[in-house]
Amino acid sequence: PKSLVHIGDYDKEDILRILESAKTFKENPNRDLLQRKVCATLFFEPSTRTRLSFETAVNRLRGRIIGFSDAATSSSSKGESLKDTIMMVSNYADLIIMRHYLEGSARYASEISPVPIINAGDGSNQHPTQTLLDLFTIYETQGTLENRTITIVGDLKYGRAVHSLIQGLSHFHPSFNFVAPEELQIPEKYKTFCEEKGIPYKMFSDFSPETINMADILYMTRVQKERFTDLMEYEKVKNVYVLRNIMLKDSKETLKVLHPLPRVKEIDQDVDTNPKAYYFQQAKNGMFVRQAVICDLLGLDVD
Ligand code: CP
């Protein structure tokens, strides 16, 4: 079966089809498309938005949800392997949505599963449905996905939402500004990816007015504490960049501030009431995009 593990599993045409379909779900999210379908959510790592938006997506389409949000309550805590967990749950469900701390876990699951797998985040690697909702939001706010300048700030090393976003946007002629402390700068493989695709990028260690004022989208990210093996290293970089309302004063009229959330302190709460802040609307779009992906992978006609 077709799965969505990496944003590259969808080509440009697939992405545009999902965004189009998500738009119809935003107009009407309550439909009977998943009657007699069971979807499983297997979350080996914490989540608020991703799991609850997937589950709401299924509920609003009249499907049923099974699963766990705390691996400690599953038999993986007794030592059951991921392989056996996937083989078991695929006996019960028509589709599996999984988040796991190991990079490559969702790909592995997709290779052994008789039902589609949706990767809801695998370690620092990929978060493809986050990217689809980010693209939906960029289109919604900019009226186009083409030729946007995206300033991405924070943890570019461990941020899976960042890694997927760079690849998802690559179809649409972006320019990137990567703002991060040296320890958290964008990994070589994503620089190489941009170079091979002819995508311009610049790297900054200062979160300067220039990086904000040239952007169409300011994409803030959290420093991913859970990926650090040495918490002293986390302490050094945890609050390195904080966006405050005053810093948006000379930004483009059409700028939107996005964040995959959760935030810790990297966006001051005084930004929330600025019309340029769009991260809560962005998160809301997740449900519509996820309805579109679920229906796509189950081969359901949404027209
Ligand atoms: N953006 C995101 O993945 O949020 P959660 O960790 O709350 O699911």
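Here my numbering is used: the first residue of the sequence shown is 2, the next is one more, and so on. Think of the CB as a built atom: it goes at the ideal place given N, C-alpha and C, for glycine as much as any other residue. Here the structure is a predicted model, which is why all the values come from computation and not from measurement.
Determine the direct distance from the alpha carbon of LEU20 to that of GLN143, and round the result to whole angstroms. Sequence index remark: in the sequence shown, residue 143 carries index 142 (1-based). Sequence index remark: in the sequence shown, residue 20 carries index 19 (1-based). So the two alpha carbons sit approximately 14 Å from each other.
What separation, rounded to the nearest whole angstrom, lies between the Cα atoms of ASN148 and LYS253?
-> Along the sequence shown, read from residue 1 onward, the residue named residue 148 stands at position 147. Along the sequence shown, read from residue 1 onward, the residue named residue 253 stands at position 252. Computed Cα separation, rounded: 15 Å.
Next on the checklist: If I measure Cβ to Cβ from ARG100 and keep anything under 7 Å in the same chain, skipping five residues before and after, which residues do I get?
Outcome noted: Within the sequence shown, residue 100 is the residue found at index 99, counting from 1. PHE44, PHE45, GLU46, SER48, THR51, ALA121 and GLY122.
Q.
Under 8 Å: do the stretch 173 to 192 and the stretch 208 to 215 share three or more Cβ pairs, one atom per stretch?
A. yes
Contact between the stretch 179 to 196 and the stretch 254 to 269 (3+ Cβ pairs under 8 Å): no
| message | Since LEU96 and LEU299 should fall inside the 8 Å C-beta cutoff, what is the C-beta to C-beta distance between them, to a whole number of angstroms? | response | As a position in the sequence shown, residue 96 is number 95, starting the count at 1. As a position in the sequence shown, residue 299 is number 298, starting the count at 1. Confirmed, Cβ separation roughly 6 Å.
Shorter than 6 Å, the distance from the beta carbon of ARG291 to the closest heavy atom of ligand 1, or not?
On the sequence shown, residue 291 is found 290 positions in, with the first residue counted as 1. Closer than 6 Å to some heavy atom of ligand 1: that does not describe the Cβ of ARG291.
Can you give the Cα-Cα distance for SER171 and LEU35, rounded to whole angstroms?
Along the sequence shown, read from residue 1 onward, the residue named residue 171 stands at position 170. Along the sequence shown, read from residue 1 onward, the residue named residue 35 stands at position 34. The alpha-carbon atoms of SER171 and LEU35 are separated by roughly 32 Å.
Worksheet entry | Near ligand 1: PRO261 beta-carbon under 6 Å from a heavy atom | Sequence index remark: in the sequence shown, residue 261 carries index 260 (1-based). Result yes, Cβ under 6 Å from ligand 1.
- Message: Within the continuous alpha helix (DSSP H) that includes VAL294, where are the two ends?
- Response: Indexing the sequence shown from 1 puts residue 294 at position 293. Unbroken alpha helix (DSSP H) run through VAL294: 280 to 298.
Whole-number beta carbon distance between ILE151 and SER114, since they are thought to touch under 8 Å: As a position in the sequence shown, residue 114 is number 113, starting the count at 1. As a position in the sequence shown, residue 151 is number 150, starting the count at 1. No, SER114 and ILE151 are not in contact; Cβ-Cβ is about 33 Å, not under 8 Å.
Q) Among the residues of its own chain, which have a CB less than 8 Å from the CB of ASP33, if the five just before and after it don't count? A) As a first step, residue 33 must be located in the sequence shown, where it is residue number 32. These residues qualify, in order along the chain: LEU62 and ARG63.
| Excluding the five sequence neighbours on either side, which residues of its own chain have a C-beta within less than 7 Å of the C-beta of ASN31, listed in chain order? | Walking along the sequence shown from the start, residue 31 turns up at place 30. Here the set comprises ARG61.
| field | Check whether GLY169 and LEU219 have beta carbons under 7 Å apart | value | In the sequence shown, counting from the first residue as 1, residue 169 sits at position 168. In the sequence shown, counting from the first residue as 1, residue 219 sits at position 218. Not closer than 7 Å, so no.
_Looking at the secondary structure, which residues open and close the beta strand (DSSP E) in which VAL154 lies?_
Locating residue 154 in the sequence shown gives position 153, where the first residue counts as 1. Where VAL154 is concerned, the enclosing beta strand (DSSP E) stretches over 150 to 154.
Checklist entry - Name the DSSP beta bridge partners of HIS164, please? => result Taking the sequence shown and counting its residues from 1, one reaches residue 164 at position 163. According to DSSP, which records beta bridges pairwise, HIS164 is partnered with nothing at all.
| said: Assuming contact is defined by CB atoms lying nearer than 7 Å, are SER227 and VAL243 in contact in what I supplied? | reply: In the sequence shown, residue 227 corresponds to position 226, counting from 1. In the sequence shown, residue 243 corresponds to position 242, counting from 1. Note that residue 227 is Glu in the sequence shown here, rather than Ser. Taking C-beta atoms as the reference points, GLU227 and VAL243 fail to come closer than 7 Å.
Going by DSSP in three states, GLY124 sits in which element: helix, strand or coil? Counted from its first residue, the sequence shown places residue 124 at position 123. Three-state DSSP puts GLY124 in coil, outside helix and strand.
Report task. Could you tell me which residues DSSP pairs with TYR242 in its beta bridges? Result -> Within the sequence shown, the letter at position 241 stands for residue 242. Looking at the DSSP assignment, TYR242 forms no beta bridge with any residue, so it has no partner.
Member of GLU236, ARG223, ASN29 and GLN292 whose CA lies at the smallest distance from the CA of LEU259
On the sequence shown, position 258 is the one that residue 259 refers to. Looking at the Cα atoms, ARG223 is the closest of the given residues.
Within 10 Å of its beta-carbon, does LYS158 have 16 or more other beta-carbons around it, so buried, or fewer, so exposed? The count along the sequence shown starts at 1 and reaches residue 158 at position 157. Result: buried.
What whole-angstrom Cβ distance do PRO210 and ASP251 have, given they're in contact under 8 Å? Along the sequence shown, read from residue 1 onward, the residue named residue 210 stands at position 209. Along the sequence shown, read from residue 1 onward, the residue named residue 251 stands at position 250. Indeed they touch by this definition, with Cβ atoms about 6 Å apart.
Secondary structure at LEU232, three-state DSSP: helix, strand or coil? The residue given as residue 232 occupies position 231 in the sequence shown. When secondary structure is reduced to three states using DSSP, LEU232 falls in the helix class.
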